[in-house]
Amino acid sequence: MTALFKRFHISTGQELQPDRQALFSLILAFFLSISPHVARLPAWFAVLAVIVFVWRYKIISNRVYQPGSILRTLILFVIMFFLYKHYGTLLGRDAGVAMLIALTMLKFLELKSLRDYMLIVFLCLFIVLTSFLYSQALWLGFYLLAVVIILLTVMMYLNHGTRDDPFGMLKRSASMLMMGLPVAALLFVLFPRLQGGLFGLPGDSHSGLTGMSDTMKPGSINELNLSEKVAFRVDFSGDVPVANQRYWRGLVLEDYEEGTWKESRDNYGIITDVKYSVYDLIEYTILQEASNQKWVFALDIPIFKPANLQWGTGRTLRSIGVLRERQQQTIKSANPYFFEDMIENVLTKNLDITSVSGPRVAVLADELYQQSGSDKEYVKTILAYFRDNEFIYSLQPPLLGEHPIEDFMLNTRKGYCEHFASSFTMMMRLSGIPARVVIGYQGGEWNEQGDYMIVRQSDAHAWSEVWLEKEGWRRVDPTSAVAPERIEYGLSAVRQLVAEGRELGSLTDEKLKVMLKMSLLTQTLRDMTMLWDGVNTRWYKWVIGFGKKNQTSMLKWLGFKQANWTNMIILLVVLVSMVVSIQAWILFHRRKVVDPAIRQYQKFCHRLMRIGITKFPYEGPVAFAERAVSLRPDLKSPVVAVTEAYIDIKYAGNSGTLQQQKLVRAVSDFKPDNKRRVELYD
Amino acid sequence: MNTRFNEIRSFLNQIVLGKENQIELCLCCLLAKGHLLIEDLPGMGKTLLAHTLAKALGLDFCRIQFTSDMLPADITGVSIFETSNNSFHFHKGPIFSSVVLADEINRASPKAQSALLEAMEERQVTVDGETYPLPHPFFVIATQNPLEQTGTFPLPESQLDRFFMRISIGYPDREAERQLLEREDRRDFLLKSDSIVTRNEILAWQEEVKKIKTEPALLDYVQDLVEQSRNSGEFSNGISPRAALDLVNGGRAWALLAGRHYVLPEDIQDVLPAVIGHRLTMAMDQEGQVKIGMNPAHRLLEITPV
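So the sequence lines, in the order shown, correspond to chains A and B. Just so we're aligned, residue 478 is where the first sequence starts under my numbering, counting upward by one. Just so we're aligned, residue -17 is where the second sequence starts under my numbering, counting upward by one.
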């Protein structure tokens, strides 16, 4: 090697001290990471945050005392005390997350070196993960993905310290994250699942849910009707039944006591045979929201149920446990149907009129029954009685007095589905016809954007069932006699008509349709809401709801007969390593230079790296060779040979075949032994 | 050629003690036809270095001490009416020498400074419409004192850019200082010595520098450096095309001095701090502070892969 002149000292990668901008971006990233948790944290966290960040600001601006280890420990214990006081424990999801956030905040006080900054970034990534313990909604996923990208950018900034333009760095970290996507997808599909949902969540997460209760008294359904929350969504495999056939059966109420209908405990689980035609079967999948109740809603009347459901009273469905999470069930229903037998107990229960009070109502029932002659005619007479006697469907009915049924039938005549169903059922029983109340939902809104039906709490409804000789249980909806719009178009149509001062039932179908036609803006708004709902539903069905069952069936479809833990782990490892090697190959070849001389030289550098001598990017070939020789004098002649050949081609302009061959030979001859690894670089 | 270089080196090192690197850079600057700015405290041997260089290279030497009342004519010369033949006669100023030492250049008024800088750039002097070429080779060594700034006119960036290199000499190390104290007066020694090379040899070497090869791989590296200086955001303004050209020429001269007929990235790295140092400043950070203690040239080298 030709002796080269003394070189200026070039400072080598000393550790960068993160600057003020790094601190501010880290604080911002921290707040973005904890933002989904903010509402759940105790209020005094705000005070803590103000103290910590003001202190931090003072540390950098006025060089205020940075807390020492004793003070930090003291602060830690104070915070632990408050956390314990607030949660009653330091373990579990809520207290654990709060503690994680509090301690991360405290870490800001002891920021000194790059290592501390990096640690906070990692803690923030962990905090991001904990958000999924509370919700797995799609928008949260997108938001947290963005937060992760920002965190990666901060990490990049901390490590490089260059003032790259921030968008370039964002782009780079986003593309880095994208590279992890295939592996994430593989892990998602193949990672062995536990029975149940994606996350086993603690039980305290679902309180304060609205939904149907097992009793019906005036006002209980009306309360539900105010909520536009989704009760469940339905995917039909075949044709969708028309609106007036979409009765979603939830509970059958047979006990009546002082204005309140209740489910009868005595008849629970009695299954009676139903006759139906196979051609009338409708198959559908119901995706029910968490309700904290056991009832599962099914189209009137369920015939086949999944194994994990039970039969409740009067052919309704029950889940075994309380519905704490969304649940998906595939059910088959049929309409028309025919109940053949009646059990004695049920019969007595459905004729019970002991708690009906008021003398005049019994007289009315008698009178009307006399007029009709048969049971079947009597049903029609009562419906006609509702229609012809100025009964009004109203969402703000007057309060009923001491004898509710009598009061409604003879005095107020104003009410909604509950009142009608309740009075109708009692009128039947008073004339010796077995009858009961069914509550559930009626109608539903079709989502064209996802081809499924949305049934909301506002679709909650009550109707009646009467037992007719030779016909079995028949569904009768007295509300339809007064307000057919409620059945055909839903409650919102009723609200609109009432708001415009129209009398219910007064308009023809065509006129109604014109009236209910939405303006372009409302229509667009609705379409967008529906689209978002559709995306979310698919997200749930394909991502969150991807449980053990889906996994097994998918693996079977792919040809894996035995999808057990070990097989899946092996498959996972094989596929992940395949994906990673493909990515590595692509990355390597993207950077691969076509120049054969550089490739040979890189090979040479790689061999030196293996014995602990790494070329710095800013190092030229001669400088690197000098350093390598100074570290390993025994390698002098091969290192010089390779370097000289390389320089000859790249810088002296002798790039003939002869020189190329010389370089190839020199590199292939260069085989440094690994035994004497150089541990110190400088 | 190498032996001749070594002769020059050993001669210079005999007189200017312990400053091999600075001497090498001086020679490099001369061979690349550049001008040199030495920034250092008084008494560090700036004049001695210039004087020795002129002596060793057998070139005529002239020193201009810059003062605040100096006029351009004091540098370039003046036309005087001669009664003997009734005509104006141009009396050449001190600038008509091969090696010009412009001492304490920042003391002179901008007017006088620009007269010198113009001559440096054009390599000719125009007085009363008459153009007089300057001798070949023409090498200006300007010095300035970086500390005492009272009553001075610091060179603006645009004029600093005219200098090919800026170096500082710095204190000698202990061993060199001892030699300096022990030995006879170096100026006497200088007077006694003969020159080593001839003017024609230097001109030939200057031509030789132009023939040094710069391969695409090297030019790529230089362009990477230029790009980094402009786009990394760490520097307040990037390297100018003139500076980039100077960098390549400096690398060529450096390679010639090392006896090579091609330029290596290391040559560029060796001359870069001297060639770029006075043309590159670190950008201000968010607080409006320039990062202290970071040499922009070294930082540039550090962030640019070869």
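Heads up, the beta-carbon is just placed ideally off N, CA and C, and yes, glycines get one too. Everything numeric in this text was worked out from a predicted model, so none of it was measured.
Where Gln141 (chain B) is concerned, the enclosing alpha helix (DSSP H) starts and stops at 139 to 142.
Pairing Ala32 (chain B) with Thr125 (chain B), the inter-Cα distance amounts to about 10 Å. The Cβ atoms of Tyr1078 (chain A) and Tyr1123 (chain A) lie closer than 8 Å to each other.
Residue pairing for Cys44 (chain B): DSSP places it in a beta bridge opposite B:Val82. Nearest Cα to Val253 (chain B) within the set B:Arg234, B:Pro223, B:Met264: B:Arg234. The segment 556 to 567 of chain A makes no contact with the segment 606 to 613 of chain A; the number of CB pairs closer than 8 Å stays below 3.
The beta carbons of Ile808 (chain A) and Ile763 (chain A) sit closer together than 8 Å. In the DSSP annotation of this structure, Ala14 (chain B) is not part of any alpha helix (DSSP H), being labelled neither H nor E.
For Ile1047 (chain A), none of the residues of chain B pass the 8 Å Cβ criterion, the least Cβ distance being about 41 Å. Assignment of Val288 (chain B) by DSSP, reduced to helix, strand and coil, places it in the coil class. Between Met903 (chain A) and Leu841 (chain A), the gap from beta carbon to beta carbon reaches 8 Å or more. The segment 939 to 954 of chain A makes no contact with the segment 978 to 987 of chain A; the number of CB pairs closer than 8 Å stays below 3. Counting along the chain, Phe63 (chain B) sits inside no alpha helix (DSSP H); it lies in the beta strand (DSSP E) bounded by residues 59 to 64. Burial state of Trp1042 (chain A) is exposed, judged by a 10 Å Cβ sphere holding fewer than 16 other Cβ atoms. Judged by DSSP in its simplified three-state form, Val799 (chain A) adopts coil rather than helix or strand. Fewer than three pairs of CB atoms, one per stretch, sit closer than 8 Å, so the segment 933 to 945 of chain A makes no contact with the segment 1017 to 1025 of chain A. Considering only A:Trp738, A:Thr793, A:Leu588, the residue with the shortest C-alpha distance to Ile748 (chain A) is A:Thr793.
The beta carbon of Val107 (chain B) does not come within 8 Å of any beta carbon belonging to chain A, so the residue lies off that interface. Within a 10 Å sphere around the beta-carbon of Ala186 (chain B) sit fewer than 16 other beta-carbons, which makes this residue exposed.
Per DSSP, the continuous alpha helix (DSSP H) segment holding Ser1145 (chain A) begins and ends at 1134 to 1146.
Of the residues A:Glu925, A:Ile578, A:Leu635, the one whose Cα lies closest to the Cα of Arg592 (chain A) is A:Leu635. Taken through DSSP and simplified to helix, strand or coil, Ser810 (chain A) comes out as strand. In this structure, Pro955 (chain A) lies away from Leu828 (chain A), with their beta-carbon atoms at least 8 Å apart. Boundaries of the alpha helix (DSSP H) harbouring Leu583 (chain A): 569 to 584, taken from the DSSP string. When secondary structure is reduced to three states using DSSP, Lys74 (chain B) falls in the strand class. Under the DSSP assignment, Glu183 (chain B) falls outside any beta strand (DSSP E), being part of the alpha helix (DSSP H) whose first and last residues are 181 to 192. Using a 10 angstroms sphere on the CB of Gly1133 (chain A), the tally of other CB atoms stays under 16, which defines it as exposed.
Residue-level contact by beta carbon holds for Gly1097 (chain A) and chain B, with a gap shorter than 8 Å. Against chain B, a Cβ distance below 7 Å from Lys1127 (chain A) picks out Glu197, Ala199. Taking one beta carbon from each stretch, the segment 887 to 900 of chain A and the segment 864 to 876 of chain A have 3 or more pairs nearer than 8 Å; the two touch. Beta-bridge annotation (DSSP): Gly892 (chain A) is paired with A:Tyr870. One thing to note: Arg1015 (chain A) has its Cβ within 8 Å of the Cβ of Gly927 (chain A). The beta carbons of Leu628 (chain A) and Ala499 (chain A) sit no closer together than 8 Å. Here Thr49 (chain B) is exposed: its Cβ has fewer than 16 other Cβ atoms, across all protein chains shown, within 10 Å. Among the residues facing chain B, Ile504 (chain A) is not included, as its CB has no counterpart in that chain under 8 Å away.
Per the coordinates, the alpha-carbon of Leu1032 (chain A) lies some 7 Å from the alpha-carbon of Lys1038 (chain A).
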